[in-house]
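Below is one structure, written out as structure tokens; comments come after it.
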Amino acid sequence: MDSHQFFGLGVTGAGLSFTSSYPTVPSVPNRVLGSLKFDLGNSPDSPFSTQFDTDSLTNLSESQEQHSSTENLSGVSASCNSSLETSSYYHQLNPSLDRLREDQKLYPSPASFIRDANCSQNIRHALLKLETALMGPDDDEATTQEVSRPETPDRRSRSWSQEPRGVHASQSQLSFVSGHMQSDKVVHVEKRHKSMDEASLPSFSPGSLKQLLIASAKALSENRMDNFDKLVEKARGAVSITGEPIQRLGAYMIEGLVARKEASGTNIYRALRCREPESKDLLSYMHILYEICPYLKFGYMAANGAIADACRNEDRIHIIDFQIAQGAQWMTLLQALAARPRGPPHVRITGIDDPVSKYARGDGLEAVGRRLAAISEKFNIPVEFHGVPVFAPDVTPEILNVRPGEALAVNFPLQLHHTPDESVDVNNPRDELLRMVKSLSPKVVTLVEQESNTNTTPFFHRFVETLDFYLAMFESIDVTLPRNSKDRVNVEQQCLARDIVNIIACEGKERVERHELFGKWKSRLTMAGFCQYPLSSYVNSVIGTLLRCYSEHYTLVERDGAMLLGWKDRNLISASAWQ
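In the working numbering, the protein residues as written are 936 to 1514.
Rendered as structure tokens:
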């Protein structure tokens, strides 16, 4: 393995063309593209039953199953197998060199990686130098660059205990979520629900599709099935999996609503599993999603920064990863540890993975072990790997086998929301897991989660929250993948649609996508006995600069000790550290 397999940020021309901090995403050849037929049983226009040929939009079918019913966006991880390069997934986002030189002034001397970018060298060294700098002498004088973003009073004052940002049964609140639409097209929801759908149905247009989706969910929540069927029929004519973000998202939101009505959501969720090509040189669609959504990779980068900082003086480090995926999160960190001036530490990694999903990670945990062994040999750092095929709630201290003298780092990467809480199980496995981890006396615990409130909120408000969250995500994908891209369709259909269906159509234990806002996670961790570990202002500054090289609409906000990454005025990912 050479370093190119871990860093793919490259420079083209006079500007920066960011491809990835991990391997670049190869184009998926037609030979591995088949058709995934999935008949929802209600419409030939269903985005889940559409069959694409290899000359148009295609779905991957000739592959092993990658995710079980408890896996989704949480499985996002860069593959370590591919060294293929491409820049076709990224627009040439070239900030001026003058602006980039100004940004350099924000950083102390260890941040010379920005200067490297202005030269003709590869920015792939940026992340390695960032983590390596954290191994050196203490230097907390780096200037934190604050990235401003528009915030409504509602967003600034929201806490986890409040209603989700969305629609209540009132005119003003419905107008809030549909505020970008013309005011004369806003649906007035009366307290008596006075024939809302019947009165407004003729006035709906593609431009008010978001409003139409909300009205459909409202009709379903109130069991007005005749109106619901009419609204859904009209909505089907306005959606398109190759259209604008709201049209693409609308296609999956509609199927979620129909699945909820027909009580078929669980079956759809299980059928819509991300699949990975058999070829070792290809990335799964979940990995493509990781590459085209920088807020995901930079969330992991923030977690790595906290671990590097907390363990900088340790000779024996034990990392417990509750979603090991392909282990790619640890590649840059291991390289940085290997280059430590005082010499590399002994690193033990315990990787926890879903025992049901046999092919969830390609070759499974054994492949992760082989990758880590290759890193160990290449960079002369002792690495010990222990794979644990156990569901997170079933993990015990005995399984983890923490040894005396180890500096323990525990990582929860987009995974903890899958563990049921008190609303699903009276034993509250979610909080129990946190208490168990606290009993191990970890040096640091890192948490990366979706910034969304879909856990205990009622169906209608949950629908609106899901619409708001994924609309921002779909809009951000437009920056990196064209609308007629086969891979964009497959990423959205196979990797995001299943989450959407589960959130909208399922209830009880079958609804495994139960996201919470950072405020709620903060409360849970505090009750478990943790206190916050400060994220590095140095790391946050670097991430802010790199984000702006993708698009000016990506945002970074530091609030309540956490780093919030998002798109425009919507936070999408939170990253925090605890001890």
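Backbone N, C-alpha and C define an ideal beta-carbon position, used for all residues, glycine too.
Alpha carbons only, please: which of the options is nearest the one belonging to residue i?
| i | options | result |
| --- | --- | --- |
| residue 1389 | 1439, 1471, 1159 | 1439 |
| residue 1416 | 1154, 1144, 1228 | 1228 |
| residue 1469 | 1253, 1175, 1379, 1341 | 1379 |
| residue 1513 | 1376, 1395, 1507 | 1376 |
| residue 1366 | 1343, 1328, 1476 | 1328 |
| residue 1334 | 1359, 1324, 1480 | 1324 |
| residue 1511 | 1452, 1409, 1481 | 1452 |
| residue 1185 | 1493, 1479, 1432, 1495 | 1432 |
| residue 1258 | 1243, 1362, 1284 | 1284 |
| residue 1494 | 1193, 1454, 1225, 1428 | 1454 |
| residue 1374 | 1343, 1196, 1249 | 1343 |
| residue 1407 | 1164, 1203, 1500, 1174 | 1500 |
| residue 1460 | 1397, 1402, 1338, 1351 | 1351 |
| residue 1496 | 1489, 1464, 1457 | 1457 |
| residue 1410 | 1235, 1147, 1507, 1242 | 1507 |
| residue 1276 | 1249, 1255, 1174, 1260 | 1249 |
| residue 1321 | 1336, 1400, 1309 | 1336 |
| residue 1300 | 1338, 1260, 1313 | 1260 |
| residue 1242 | 1225, 1256, 1481 | 1256 |
| residue 1385 | 1349, 1359, 1368, 1414 | 1349 |
| residue 1338 | 1156, 1253, 1173 | 1253 |
| residue 1467 | 1313, 1480, 1273, 1245 | 1245 |
| residue 1412 | 1166, 1502, 1400, 1360 | 1502 |
Could you give the distance in angstroms between the alpha-carbon of residue i and the alpha-carbon of residue j?
| i | j | result |
| --- | --- | --- |
| residue 1505 | residue 1498 | 13 angstroms |
| residue 1383 | residue 1289 | 18 angstroms |
| residue 1181 | residue 1188 | 10 angstroms |
| residue 1048 | residue 1304 | Per-residue confidence for residue 1048 stands at a pLDDT of 38, beneath the threshold of 50, marking its modelled position as unreliable; no derived number is given. |
| residue 1435 | residue 1315 | 44 angstroms |
| residue 1287 | residue 1421 | 32 angstroms |
| residue 1238 | residue 1152 | 37 angstroms |
| residue 1160 | residue 1169 | 14 angstroms |
| residue 1178 | residue 1265 | 37 angstroms |
| residue 1370 | residue 1262 | 25 angstroms |
| residue 1418 | residue 1486 | 17 angstroms |
| residue 1473 | residue 1491 | 13 angstroms |
| residue 1372 | residue 1475 | 26 angstroms |
| residue 1158 | residue 1345 | 45 angstroms |
| residue 1278 | residue 1330 | 32 angstroms |
| residue 1364 | residue 1355 | 6 angstroms |
| residue 992 | residue 1425 | Bear in mind that the predicted position of residue 992 carries a pLDDT of just 38, short of 50, making it unreliable; the figure below should be weighed with that in mind. Their backbone Cα atoms lie some 8 angstroms apart in a straight line. |
| residue 1154 | residue 1445 | 23 angstroms |
| residue 1310 | residue 1171 | 50 angstroms |
| residue 1115 | residue 1404 | Confidence in residue 1115 is poor, its pLDDT being 38 and thus under 50, which makes the residue's placement unreliable; the coordinate value appears in the next sentence. Residue 1115 and residue 1404: Cα-Cα distance of roughly 16 angstroms. |
| residue 1447 | residue 1471 | 32 angstroms |
| residue 1146 | residue 1202 | 28 angstroms |
| residue 1391 | residue 1340 | 41 angstroms |
| residue 1302 | residue 1429 | 23 angstroms |
| residue 1462 | residue 1357 | 14 angstroms |
| residue 1308 | residue 1193 | 48 angstroms |
| residue 1347 | residue 1231 | 13 angstroms |
| residue 1272 | residue 1233 | 19 angstroms |
Residue i lies in the alpha helix (DSSP H); which residues open and close that run?
| i | result |
| --- | --- |
| residue 1374 | 1364-1374 |
| residue 1508 | Note, residue 1508: premise wrong, no alpha helix (DSSP H); beta strand (DSSP E) at 1505-1513. |
| residue 1493 | Note, residue 1493: premise wrong, no alpha helix (DSSP H); beta strand (DSSP E) at 1489-1494. |
| residue 1146 | 1144-1156 |
| residue 915 | There is no way to answer for residue 915, as the model of the chain reaches only from 936 to 1514. |
| residue 1476 | 1472-1485 |
| residue 1313 | 1300-1314 |
| residue 1163 | 1160-1171 |
| residue 1412 | 1394-1412 |
| residue 1454 | 1453-1462 |
| residue 920 | As displayed, the chain neither begins before 936 nor continues past 1514, which places residue 920 out of reach and without an answer. |
Looking at the strands, I want to know which residues DSSP matches up with residue i.
| i | result |
| --- | --- |
| residue 1286 | 1256, 1322 |
| residue 1338 | In the DSSP output, where bridge partners are listed per residue, residue 1338 has none listed. |
| residue 1346 | 1256, 1381 |
| residue 1352 | Answer is none; residue 1352 lacks a bridge partner. |
| residue 1468 | 1512 |
| residue 1281 | 1251 |
Under DSSP, the beta strand (DSSP E) around residue i begins and ends at which residues?
| i | result |
| --- | --- |
| residue 1197 | Neither: residue 1197 is in no beta strand (DSSP E) and is coded neither H nor E. |
| residue 1502 | 1497-1502 |
Counting only runs of 3+ residues fully inside the region 1222-1278, write out the beta strand (DSSP E) ranges in chain order. Within the region 1222-1278, the complete beta strand (DSSP E) runs of at least 3 residues are 1251-1256.
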